[in-house]
Structures are given as C-alpha cells and as structure tokens.
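Quick note: the sequence shown uses my numbering, first residue 3, plus one each step.
The beta-carbon is built from N, C-alpha and C at its ideal position, and this holds for glycine as well.
Here's the structure, in structure tokens; my notes come after.
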Amino acid sequence: MAIWTLYRDGKTIVPGEVVAPGQRLSWPRTIGIGAQHVVAMFGATFLVPLLTGFPPATTLFFSAIGTAGFLLITRGRVPSYLGSSFAFLAPMGAGTAAQLPMSVALGGILVTGVLLAIVGLVVHLAGAKWIDIAMPPAVTGTIVALIGLNLAPTAWTNVQEAPVTAVVTLGSIVLITVLFRGMIGRLAILLGVLVGYLVAVLRSEVDFTDVSNAAWVGLPQFTAPTFDVSVLGLFVPVVMVLIAENVGHVKSVAAMTGENLDGVTGRALIADGLATTFAGLGGGSGTTTYAENIGVMAATRVYSTAAYGVAAACALLLSMSPKFGALIATVPAGVLGGAATVLYGMIGILGARIWVQNKVDFSDPVNLTTAGIALVVGIANYTWVAGGLRFEGIALGTAAAFGIYHVMRAIGRWRGTTAQPASPASVPDPPD
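Okay, here's the thing in structure tokens:
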C-alpha cells in the first residue's frame, strides 16, 4: 500500500489541480470523502444480492475485503471501490429460476474470478494490447448490451408483484435524475429505491419480523460453493464484461489524473479476479470496479486511494451488523422491479454507448452482422443443451459475438471483401 503524502495544506484544492492517488487531504476530510464513496456504491452493491436472493451483509463484507485487496495489489495507484457487478445478475438469476441452490451459483462466481485473475496475469506479463485485438468495441458493446437486455423478463416479473410501488420507484428515479445536480443526481437510483421503499411500507408490503429478531453485531452469513458443470456456461461469459469494466476504469482514472496507468492494468484484473474468487468462496456476489465512484472523484477532484481505504473500512463495519443486513433484505419485489427496469435498460444502452464512443461503423457488414445476430440470441435467450451442459442466451450470444466477428473479419481480409478495422479506441467504463 502506498504511503500517502499530504496534498499542500490538506484542506484546500487549488483550481485546476487534483489530489492524486498517492496523495491525501487531512484525515477528517479523507474520512468524509470515504463516507461519500460508501454512499455512492451502496445502492448498486445491494441491488444485486436483493435481486438474486444472496445475503446483502455477506456481499458487503466481501466487497470491503475485495476493495482493500485491490488497493494492495495495485499498490495504491488505482482508486476504485469493488462493488457488486450487474454482469452476474443474469447467470445468478438463471440459477434461481432453475431452483438451483445458492452454492452452485457461488461455484460459478468462483470459477469466473479465477479465470479473470488468470487473464490479469497474462496481461501483466504480456501487455494489454491483445485485449483490444480480441475484444474490439463492436464485440464488447454487443456483449454488454445483450446481458442487460436478456434480463428484461426478470424486471417485469418483479413489477407484476406490486405494480404501484414499482411505478413509484421508477418514476422517482427518473425525476431525481433530472431535478437534481451533483451528488444527489448521481444517487438517483438509491434515493428512488428509498422513496419506493417508503411507499411499500405505507402499503404494508414490508415485513420487519427478521429485522426485530436480528442481532446488532455479528458475522455475516457464509456459504461454501459447490460446482455444477452444467451452469458454468452461464458464468464464463461474464469474464469478458469484467475485463472491459476493469480496463475501462483504469483508462478513465488515467485520463482524469493525467497518470499513465497502463502498467497496472494487469494488476487491476488480478485484484478483481481474486476479489470475485473470495466472494465465491464465502457467499458474496461477484465484484467489479465501480463507475459510480468515478462520479464522486470527478465532483470532489480527490482521487486519493486513502479515501477508498476508509470506504472499505466503513463497509466492513456495516457488514458486521446482522440487523442492518436484515433491514436491507426487506426491500420488496415492487421496489426491486422499478429499480431493475432502469438498471437493466441502462446496461443494454451502455453497450450502445461503447459503440458510439468508439465510433463503431455499422455500415461495415462484419460489425452489423455480429451485433445483430448476437443480440437476438441473447434477448430471445436461445438455449442449447449438450449432455449435462446447458448454454443459454448470454453464453451463446457471447460466443456468437466473438465467433462471428473474428471469422468474418478473417475471411473478409483473405477475400478482400471487407475493410480492415481501425485501431480500437479507448474502451469506456461499462456498467457494474
């Protein structure tokens, strides 16, 4: 972990300057900013376990441990909070729909983490250029989009359980987003969930029995993983999204701080892979670098990793209160349905943002065909069963995106029927 140097007087940030990752403000100010990072990650990190039935306190525990490990492995050079990744929602949800035990999903999360760590090791040794070649924006954007859109039926299922509460939650998120600027606007999903939760309480849709019975202090609930080869096809494609998320996060931080962080890209991937692996070992959701916290850094101009150390410590303390975890678990289906409608749609559109920001040319038949086929496979949830293995829309859509793009591009170059693609631009920060 880096030893942070004090920025100037530790109180005032000079216009045009930023507090670099290896610097810090005074500790009271650093603690305050760290608390803001906890608030920023809070809503999204808890929505994943709530939507999938995982214990919220356990997820928070492993996100705190993962964040601390990330800071250590990247040597304090990359400011980031590791929260729940939305990319795991589809495979975890599919496991729940198939009535598989939670431990099987944890096995899939663990395998995903191990694969990501291996990719990180390769990047650390060989460099990150090959990622741009293997995962051009046309492919990455398609995979992100199909994961979000594949989840749409799940959102509708939750909405149907309490339509009024769902609509209030959805409407609150929309209004808060456009009514407020700064931090309040960035926390629209969290605040919208709170409004929806209040409505649910007034409509007697919330049961506080478990909250009353829970202890104030105690360890979260831990669950060991089990492995079922038939579901691994659901989880492995998530590795592609996690790679894009981490690479995009490192590039975003580098652009905002003016520091060259290419040398720690592999470390970031290894760190997130290990964090996801540990989450799978004990009962937490898979993790990723959080775009939500980029907003806090942009607003405060403080990129100090010391603030993230504070955030990890705060999250760890909160995870040690079973009563707090039980309270989070009371969020009803209607609220989740309203929030999920926004989140799943945003994941889909963020895939399109990757296309737009990287100027993907859809007059090129390779890009058009790749995206078109893979999206239909993912959205319609095509399914293929081979022996004991079951591959559904996300796995098949991901395979289609990779296979179609690279096969068509290779044949096109050989025959001279398609243009050579331009060098890939920087990959933006995809969703969590």
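Query                                                                                                                      : Result
CB contact flag (Ala401, Pro239, <9 angstroms)                                                                             : yes
Where the beta strand (DSSP E) containing Val243 begins and where it ends                                                  : From DSSP, Val243 is part of no beta strand (DSSP E) but of the alpha helix (DSSP H) over Val240 to Thr259.
Simplified DSSP state of Val16, which is helix, strand or coil                                                             : coil
Contact under 9 angstroms by Cβ, Val197 with Val170                                                                        : yes
CA nearest to the CA of Ala168, picked from Val344, Ile375 and Asn369                                                      : Val344
Buried versus exposed call for Arg411 [16 or more other C-beta atoms within 10 Å across all chains shown]                  : buried
Val170 - containing alpha helix (DSSP H), residue span                                                                     : Pro165 to Leu181
CA-to-CA distance, Gly24 to Thr14, given in whole angstroms                                                                : 17 angstroms
Whole runs of the beta strand (DSSP E) within the segment 265-353, excluding any shorter than 3 residues                   : 289-291
C-alpha gap between Phe393 and Ser232, whole angstroms                                                                     : 8 angstroms
Nonlocal neighbours in the same chain, by C-beta distance under 8 angstroms from Leu52, ignoring five residues either side : Pro58, Ile330, Ala331, Val333 and Leu338
6 angstroms Cβ shell around Ala92 - same chain, five flanking residues per side excluded                                   : Ile149, Asn152, Leu153 and Ile396
Supposed close pair Phe90, Gly288 - CB separation, criterion 8 angstroms                                                   : 4 angstroms
Nearest to Pro227 (by Cα), restricted to the options Gly109, Ala376, Gln359 and Gly95                                      : Gly109
Spatial distance of Thr114 from Val16 (CA atoms)                                                                           : 43 angstroms
When Ala136, Leu234, Met322 and Leu49 are compared against Val387, the one with the closest alpha-carbon                   : Leu234
Which of helix, strand or coil DSSP assigns to Ser411                                                                      : In the sequence under discussion, the amino acid at residue 411 is Arg, which differs from the Ser named in the question. Correct three-state label for Arg411: helix.
Test item: CB-CB of Ile349 and Ala147 under 9 angstroms                                                                    : yes
Endpoints, alpha helix (DSSP H) assigned at Leu204                                                                         : Ala190 to Leu204
Touching by the beta-carbon criterion (3+ pairs, under 8 angstroms), the segment 33-52 and the segment 297-313             : yes
Status (buried if at least 16 other CB within 10 Å, exposed otherwise) for Asp274                                          : buried
Straight-line Cα distance separating Pro367 from Tyr199                                                                    : 47 angstroms
Same chain, Cβ closer than 7 angstroms to Leu62, neighbours up to 5 away in sequence not counted                           : Thr47, Ala317, Leu320 and Ser321
DSSP-derived helix/strand/coil call for Gln38                                                                              : helix
Simplified DSSP assignment, three categories, for Phe224                                                                   : coil
Option in Ile135, Val266, Thr159 and Lys325 with minimal Cα separation from Thr54                                          : Thr159
For Val116, the nearest candidate out of Ala376, Thr385 and Gly282 (CA to CA)                                              : Gly282
Cβ-Cβ distance between Ile245 and Leu271 below 9 angstroms                                                                 : yes
Entirely enclosed beta strand (DSSP E) segments - the segment 99-158, minimum 3 residues                                   : none
Beta-carbon proximity list for Ala342, same chain, < 7 angstroms, skipping 5 on both sides                                 : Leu53, Thr156, Ala157 and Asn160
Phe64 in three-state terms, based on DSSP                                                                                  : helix
Ile396: CB within 8 angstroms of a non-hydrogen atom of the ligand FMN                                                     : Absent from the structure shown: the ligand FMN. Ligands present: none.
Terminal residues of the alpha helix (DSSP H) in which Leu27 lies                                                          : Counting along the chain, Leu27 falls outside any alpha helix (DSSP H), and DSSP gives it neither H nor E.
Local Cβ density within 10 Å of Ser214, reported as buried at 16 or more and exposed below that                            : exposed
Assigned secondary structure, Trp386 (DSSP; H/G/I helix, E/B strand, else coil)                                            : strand
Length of the line joining the Cα atoms of Met242 and Leu204                                                               : 42 angstroms
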